[in-house]
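Read through the structure below, which is laid out as structure tokens, and then see the notes.
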Amino acid sequence: MTPTLLTNSRNGRTNHLPFGEKRDGPLFNQHILSVKQFAHHDLEQIFAVADEMRMMVERVGSFDLLKGKVLAVLFYEPSTRTSSSFIAAIQRLGGSVIPINEVKYSSVAKGESLPDTIRTLEAYADVIVLRHPETGAAELAAKYARKPIINAGDGVGEHPTQALLDLFTILKERGKIDGATVTMLGDLKYGRTVHSLARLLSLYNVKLNYVAPDLLKMPRELVQELHARYIAQSETNSLEEVLGETDVLYVTRVQKERFANLDEYEAVKNSYVITPEILARAKSDMVLMHPLPRVGEISEAVDSDPRAAYFRQVEYGMYVRMALLAMVLGKA
Amino acid sequence: MTPTLLTNSRNGRTNHLPFGEKRDGPLFNQHILSVKQFAHHDLEQIFAVADEMRMMVERVGSFDLLKGKVLAVLFYEPSTRTSSSFIAAIQRLGGSVIPINEVKYSSVAKGESLPDTIRTLEAYADVIVLRHPETGAAELAAKYARKPIINAGDGVGEHPTQALLDLFTILKERGKIDGATVTMLGDLKYGRTVHSLARLLSLYNVKLNYVAPDLLKMPRELVQELHARYIAQSETNSLEEVLGETDVLYVTRVQKERFANLDEYEAVKNSYVITPEILARAKSDMVLMHPLPRVGEISEAVDSDPRAAYFRQVEYGMYVRMALLAMVLGKA
Amino acid sequence: MTPTLLTNSRNGRTNHLPFGEKRDGPLFNQHILSVKQFAHHDLEQIFAVADEMRMMVERVGSFDLLKGKVLAVLFYEPSTRTSSSFIAAIQRLGGSVIPINEVKYSSVAKGESLPDTIRTLEAYADVIVLRHPETGAAELAAKYARKPIINAGDGVGEHPTQALLDLFTILKERGKIDGATVTMLGDLKYGRTVHSLARLLSLYNVKLNYVAPDLLKMPRELVQELHARYIAQSETNSLEEVLGETDVLYVTRVQKERFANLDEYEAVKNSYVITPEILARAKSDMVLMHPLPRVGEISEAVDSDPRAAYFRQVEYGMYVRMALLAMVLGKA
Chain A
290 MTPTLLTNSR
300 NGRTNHLPFG
310 EKRDGPLFNQ
320 HILSVKQFAH
330 HDLEQIFAVA
340 DEMRMMVERV
350 GSFDLLKGKV
360 LAVLFYEPST
370 RTSSSFIAAI
380 QRLGGSVIPI
390 NEVKYSSVAK
400 GESLPDTIRT
410 LEAYADVIVL
420 RHPETGAAEL
430 AAKYARKPII
440 NAGDGVGEHP
450 TQALLDLFTI
460 LKERGKIDGA
470 TVTMLGDLKY
480 GRTVHSLARL
490 LSLYNVKLNY
500 VAPDLLKMPR
510 ELVQELHARY
520 IAQSETNSLE
530 EVLGETDVLY
540 VTRVQKERFA
550 NLDEYEAVKN
560 SYVITPEILA
570 RAKSDMVLMH
580 PLPRVGEISE
590 AVDSDPRAAY
600 FRQVEYGMYV
610 RMALLAMVLG
620 KA
Chain B
290 MTPTLLTNSR
300 NGRTNHLPFG
310 EKRDGPLFNQ
320 HILSVKQFAH
330 HDLEQIFAVA
340 DEMRMMVERV
350 GSFDLLKGKV
360 LAVLFYEPST
370 RTSSSFIAAI
380 QRLGGSVIPI
390 NEVKYSSVAK
400 GESLPDTIRT
410 LEAYADVIVL
420 RHPETGAAEL
430 AAKYARKPII
440 NAGDGVGEHP
450 TQALLDLFTI
460 LKERGKIDGA
470 TVTMLGDLKY
480 GRTVHSLARL
490 LSLYNVKLNY
500 VAPDLLKMPR
510 ELVQELHARY
520 IAQSETNSLE
530 EVLGETDVLY
540 VTRVQKERFA
550 NLDEYEAVKN
560 SYVITPEILA
570 RAKSDMVLMH
580 PLPRVGEISE
590 AVDSDPRAAY
600 FRQVEYGMYV
610 RMALLAMVLG
620 KA
Chain C
290 MTPTLLTNSR
300 NGRTNHLPFG
310 EKRDGPLFNQ
320 HILSVKQFAH
330 HDLEQIFAVA
340 DEMRMMVERV
350 GSFDLLKGKV
360 LAVLFYEPST
370 RTSSSFIAAI
380 QRLGGSVIPI
390 NEVKYSSVAK
400 GESLPDTIRT
410 LEAYADVIVL
420 RHPETGAAEL
430 AAKYARKPII
440 NAGDGVGEHP
450 TQALLDLFTI
460 LKERGKIDGA
470 TVTMLGDLKY
480 GRTVHSLARL
490 LSLYNVKLNY
500 VAPDLLKMPR
510 ELVQELHARY
520 IAQSETNSLE
530 EVLGETDVLY
540 VTRVQKERFA
550 NLDEYEAVKN
560 SYVITPEILA
570 RAKSDMVLMH
580 PLPRVGEISE
590 AVDSDPRAAY
600 FRQVEYGMYV
610 RMALLAMVLG
620 KA
């Protein structure tokens, strides 16, 4: 009954849970909290399992690997895409779901602390997926949990499963990650998605281009962090400058609300919309990605282009989440 | 990756999806969008499967015909009855559910288009049930979907599964549909339910009576459409006039809000409430139906009358939805 | 089709449903409405089944005892803890769930009566768990239902499954219930939890201490009811007076809102917070319980004390609900 404190594993990046059970495969009984916990070989293992999941789903749709396992989906803020992805993932593995979406009306509304909510849910569920508006919430939850916690986004903090699915998409669409020139476009300042993805990419041999308005540039600390890892990075306001060499174009949304001056927004917004004309000047095998939802950043006329990978990206996400669920439950 | 455009099948009524898979039974891989897509023999097939479903549920409760299949229930407006019916239907067939009820808080709130939401969900699910406040939404969704879409109501447009369950109820309660005199009562102007049911009934040899206040009469276009199909129709303000010959009495709600003048409402409202006294003058084997929820249109004193079929109607609905799910997934 | 009226069974406490099926084990086809319906031997049977459930969950996690059974979870007011517990319970038994949490947006919002909603849901589900803000709602529902209704709280009325899990917790933590001195602390006036638990405890050989501010004392009627059953009861404002003899300390929340005069609240509030200092003066094997959520009544510093049983209590709750579901469905 004592709160289970996390201990760092030998590589200093992963957390494991002292369940007293013996380890059963990589990530078994571990929390998924941050992209920072993964080494290169962790990613290889996750993607190998995700690829098995893909093949099984294509062949049989669903199978009973996690039959009888219960996933609690605890979302303190709504995200249909992410919660649906996890729900489909556990169900295609034969498990079931306790969905908790209306936290505002629940025990929490009565003032219950996150640790108490977690210790309640782990009495019912085998694994908990947590979405929370506050940075650090997932780590706090993990500090008290005896069951694995998967961070599905905590404020401006981390969203590790999104970064993993982004990387898996690059791997599946290109065949390999090494050697890729990845251009990130749009709001690179506030987007936790691109931050996490850049960190994961730094475990590979890649080149990164950042294309953003001055106001929304990649944070200096992150650029320096990656520079220290010998990642080649370049920065520009103009997609045209780097489009020709781009293997992967990762588009994010530029929100009007980020601009104090509306004229400034009007001046830049069209530079960041992907149209068939722009694609005509891109590599014929470029991979065009977007974390979705999109609201105009990619023209619908682009959807039929074979390079448009964003809906396949959604599907890859389900396979990655299936892999993570199977691995933390020791069934991969 | 190109959006899959629907093509009309040979009879010009049904839509099929160019999946590249061979057809596996009627309705396989088809969308269920409108009652207009069904020919008489389609209905016979649906009702035959629904009847098998009924027998299986009565015998074993649930069975694994759709084990491993995932249904996304995407409701842009709430409808406990309809969503619960589909959820029970897929679960009694061994499948599972991604429930999406809070669309207002989700990606859609962030401005995502219906086609994008559909293309996201079909990465997770095998079939999508859609409820939407706007007419034409289901058709728009189907235009982009590679997985079957079932329309669970789109604004004042269609609600085909309701009409199918209404017809199945008549079939099961009477033994046959041909030869029935069906009287529709209440708000015949705005009720999509009665419009869809009337269209389906026109595939049979029936007589239709419309009983409504002047303000809420059956639309002229629909009356003419059915007239062109040689359906005998009569219209009156008074239930008494046609009660004696009625085999099926289909009651709908007369909403106060439809009347500009409250006196007008007060004048008519009592003519449209079914009481034991009214039933005493009806055929002894009449079938009394209501799409529910009711709010006073049928007195609770009538519930114990064997002719009151509205709660059995709810149950028939589950069988029809089980049949549709099995058929579009090629497992009927 | 006539509404099924409940008849009293021979002991005048339990309700059974005239399904025409033969009885299959205790509680088969019965509603769970009130703790008053249980005799001592009923509790023994429930706890024996709950203990089997616990052993099975510890051994295999889930199993298919209720495979194919569908539970409708109909909550007219939110309670994450209780609904999650029932959802986990049916899923760990292989069954599935129709969750209905947003009643305010649903048919009910359109004015549907509870009996109509129940008669609709029982067309889909095998058993219905009902939470409702109005006292008597569960009994009303049961009056119309042909499927078993489980009361998950109706206003200030009953919450029988909470009382059963509380009692099961005492049994499992102490090994037996007889001989226990149980001290109830906090708001004993408005807490339906302590009322129901006290009634159940009166079926055993126990001593009850009530520790509450004057304003929130145990209701006189209940004290007299238990007195008539020869239960030893004592009442005080001071926990210290009875702490030393206490085997089970059941803590509830003292809500500021109950006090007209805030000074009065300030004067008492600290007497009712459990800290390590208080525990230091308690029996070394005392069982510390709380129905949760807690908001300060028990210091978090107490969580690591082996006597803190409140998170285990949550888990016992799942086993009790698994037992009840299996029993009313005739599968225990």
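Chains as they are written, first to last, in this note's numbering: chain A, 290 to 621; chain B, 290 to 621; chain C, 290 to 621.
Every residue, glycine too, gets a C-beta built ideally from N, C-alpha and C.
- Item | Selected residue, minimal CA-CA separation from E589/C, among H320/A, L403/A, L614/A, M473/A | Here residue 589/C refers to the residue found at position 300 when the third sequence is read from its first residue. The shortest Cα separation from E589/C among H320/A, L403/A, L614/A, M473/A belongs to L403/A.
- Pick out the complete beta strand (DSSP E) segments inside the segment 519–562 of chain B, 3 residues or longer, and give them in chain order. 521–525, 537–540
- Can you tell which of T482/A, P437/A, R518/A, K461/A has its C-alpha closest to the C-alpha of V617/A? Within the first sequence, the letter at position 328 stands for residue 617/A. The option with the nearest alpha carbon to V617/A is P437/A.
- Message: On the criterion of 16 or more Cβ atoms from any shown chain inside 10 Å, does Q319/A qualify as buried, or is it exposed?
- Response: Residue mapping note: residue 319/A aligns to position 30 of the first sequence, counting from 1. Label assigned to Q319/A: buried.
- Item | Residues of its chain near L532/C, where Cβ-Cβ distance is below 8 angstroms and the 5 sequence neighbours each way are ignored | The residue labelled residue 532/C in the question sits at position 243 within the third sequence. The residues are T472, L538, I567, R570, A571.
- N-terminal and C-terminal residue of the beta strand (DSSP E) that D443/C is part of: Looking up residue 443/C in the third sequence gives position 154. Unbroken beta strand (DSSP E) run through D443/C: 438–443.
- For I407/A, which residues from the same chain have a beta carbon less than 7 angstroms from its beta carbon, with the 5 sequence-adjacent residues on both sides left out? Reading the first sequence from its first residue, position 118 is the one you call residue 407/A. Result list for I407/A: I417, A430, Y433, A434, in chain order.
- Task: Using a Cβ cut-off of 9 angstroms, pull out every chain A residue sitting near L581/C, in sequence order please.
- Result: Here the question's residue 581/C lines up with position 292 in the third sequence. The contacting residues are S396, E401, D405, T409.
- Message: At the level of alpha carbons, what is the spacing between D594/A and D467/A?
- Response: Residue 594/A sits at position 305 when you count from the first residue of the first sequence. Residue 467/A sits at position 178 when you count from the first residue of the first sequence. Approximately 24 angstroms between the Cα atoms of the pair.
- With a threshold of 16 other CB atoms inside 10 Å of the CB of V359/C, please say whether the residue is buried or exposed. As a position in the third sequence, residue 359/C is number 70, starting the count at 1. With 16 or more Cβ atoms within 10 Å of its Cβ, V359/C is classed as buried.
- Please look up how many angstroms separate the CB atoms of H421/C and G384/C, rounded, as I've assumed it's under 8 angstroms. In the third sequence, counting from the first residue as 1, residue 421/C sits at position 132. In the third sequence, counting from the first residue as 1, residue 384/C sits at position 95. In fact, because the Cβ distance is near 23 angstroms, the residues do not count as touching under 8 angstroms.
- Query: Between A361/A and the rest of its own chain, which residues show a CB-CB distance below 6 angstroms, the 5 nearest in sequence each way excluded?
  - Reply: Here residue 361/A refers to the residue found at position 72 of the first sequence. Excluding residues within five positions, the ones whose Cβ falls inside 6 angstroms are I387, L410, A414, I417.
- Query: Given a limit of 9 angstroms on CB to CB distance, which residues of the segment 369–386 of chain A reach chain C?
  - Reply: G384, S385, V386
- Message: If the criterion is Cβ atoms closer than 8 angstroms, does the pair A427/B and T371/B meet it?
- Response: In the second sequence, counting from the first residue as 1, residue 427/B sits at position 138. In the second sequence, counting from the first residue as 1, residue 371/B sits at position 82. Against a cut-off of 8 angstroms, the Cβ pair of T371/B and A427/B comes out as no contact.
- Query: Just by C-beta distance, which residues in the segment 337–362 of chain B are closer than 9 angstroms to chain C?
  - Reply: V349, G350, S351, F352, D353
- Task: Output yes if chain C places a C-beta closer than 8 angstroms to the C-beta of Y413/A; else output no.
- Result: Taking the first residue of the first sequence as position 1, residue 413/A is located at position 124. Yes, because at least one Cβ of chain C sits closer than 8 angstroms to the Cβ of Y413/A.
- Item | Straight-line Cα distance separating T424/A from N550/C | In the third sequence, the residue the question calls residue 550/C occupies position 261. In the first sequence, the residue the question calls residue 424/A occupies position 135. For N550/C and T424/A, the distance between alpha carbons rounds to 39 angstroms.
- Contact with chain A by E310/C, beta-carbon distance below 8 angstroms: On the third sequence, position 21 is the one that residue 310/C refers to. A caution first: E310/C carries a pLDDT of 45, below 50, which makes its placement in the model too unreliable to give a value.
- Measure how close the beta-carbons of R488/B and V324/B come, nearest whole angstrom, since I'm counting them as under 8 angstroms. By 1-based counting over the second sequence, the position of residue 488/B is 199. By 1-based counting over the second sequence, the position of residue 324/B is 35. Going by Cβ atoms, the distance from R488/B to V324/B rounds to 5 angstroms, so yes, they are a contact pair.
- Task: Measuring alpha carbon to alpha carbon, tell me which of R463/A, G446/A, Y499/A, V584/A ends up nearest D536/A.
- Result: As a working note, residue 536/A is residue 247 in the first sequence. Considering only alpha carbons, the answer is R463/A.
- Message: Quick check on E604/C - is its C-beta less than 8 angstroms from some C-beta in chain A?
- Response: Taking the first residue of the third sequence as position 1, residue 604/C is located at position 315. Yes - at least one Cβ of chain A is within 8 angstroms of the one on E604/C.
- Is it right to say H579/B is buried, meaning 16 or more other beta carbons lie within 10 angstroms of its own, or is it exposed? Numbered from 1 along the second sequence, position 290 holds the residue referred to as residue 579/B. When all chains shown are included, H579/B counts as buried.
- Report the neighbours of I389/A on chain C: residues whose CB is nearer than 8 angstroms to its CB, in chain order. One-based indexing of the first sequence puts residue 389/A at position 100. Residues of chain C passing the Cβ test: T369, S373.
- From the DSSP output, read off the bridge partner residues of V471/A. Position 182 of the first sequence, counted from the first residue, corresponds to residue 471/A. The partner list for V471/A (beta bridge, DSSP) reads L497/A, V537/A.
- Item | With 16 other Cβ atoms within 10 Å as the buried cut-off, status of V349/C | What you label residue 349/C is simply residue 60 of the third sequence in a count that begins at 1. V349/C should be labelled exposed.
- Put S588/A into one of helix, strand or coil per three-state DSSP. For the purposes of this step, residue 588/A is identified with residue 299 of the first sequence, where counting begins at 1. Here S588/A sits in coil by DSSP.
- Message: Three Cβ pairs or more, each shorter than 8 angstroms: is that satisfied between the segment 481–500 of chain B and the segment 445–459 of chain B?
- Response: yes
- Message: Is the beta carbon of V540/A closer than 8 angstroms to that of L460/A?
- Response: The count along the first sequence starts at 1 and reaches residue 460/A at position 171. The count along the first sequence starts at 1 and reaches residue 540/A at position 251. Not closer than 8 angstroms, so no.
- Can you tell me whether Y519/B is buried or exposed, with buried defined as 16 or more other CB within 10 angstroms of its CB? Position 230 of the second sequence, counted from the start, is the residue given in the question as residue 519/B. With fewer than 16 Cβ atoms within 10 Å of its Cβ, Y519/B is classed as exposed.
- Any C-beta of chain B under 8 angstroms from that of V584/A: Taking the first sequence and counting its residues from 1, the one referred to as residue 584/A is at position 295. With 8 angstroms as the cut-off, V584/A counts as an interface residue toward chain B.
- Task: Determine whether the Cβ of F457/A lies closer than 8 angstroms to any Cβ atom of chain B.
- Result: The count along the first sequence starts at 1 and reaches residue 457/A at position 168. No, F457/A does not count as interfacial toward chain B.
- Task: Compute the distance between the beta-carbons of L515/B and L477/B, then report whether it is under 8 angstroms.
- Result: Counting from 1 along the second sequence, the entry for residue 515/B is found at position 226. Counting from 1 along the second sequence, the entry for residue 477/B is found at position 188. No.
- Message: So, at 7 angstroms on beta carbons, what are the nonlocal neighbours of D353/C in its own chain, with the 5 sequence-adjacent residues on each side left out?
- Response: On the third sequence, position 64 is the one that residue 353/C refers to. Cβ within range, chain order: G383.
- Item | Cβ neighbour criterion (16 or more within 10 Å) applied to Q513/C | As a first step, residue 513/C must be located in the third sequence, where it is residue number 224. By the 10 Å Cβ count, Q513/C comes out exposed.
- Could you run through the segment 590–621 of chain B and flag, in chain order, every residue whose CB is less than 7 angstroms away from some CB of chain C? D592, S593, P595, A597, F600, V603, E604, M607
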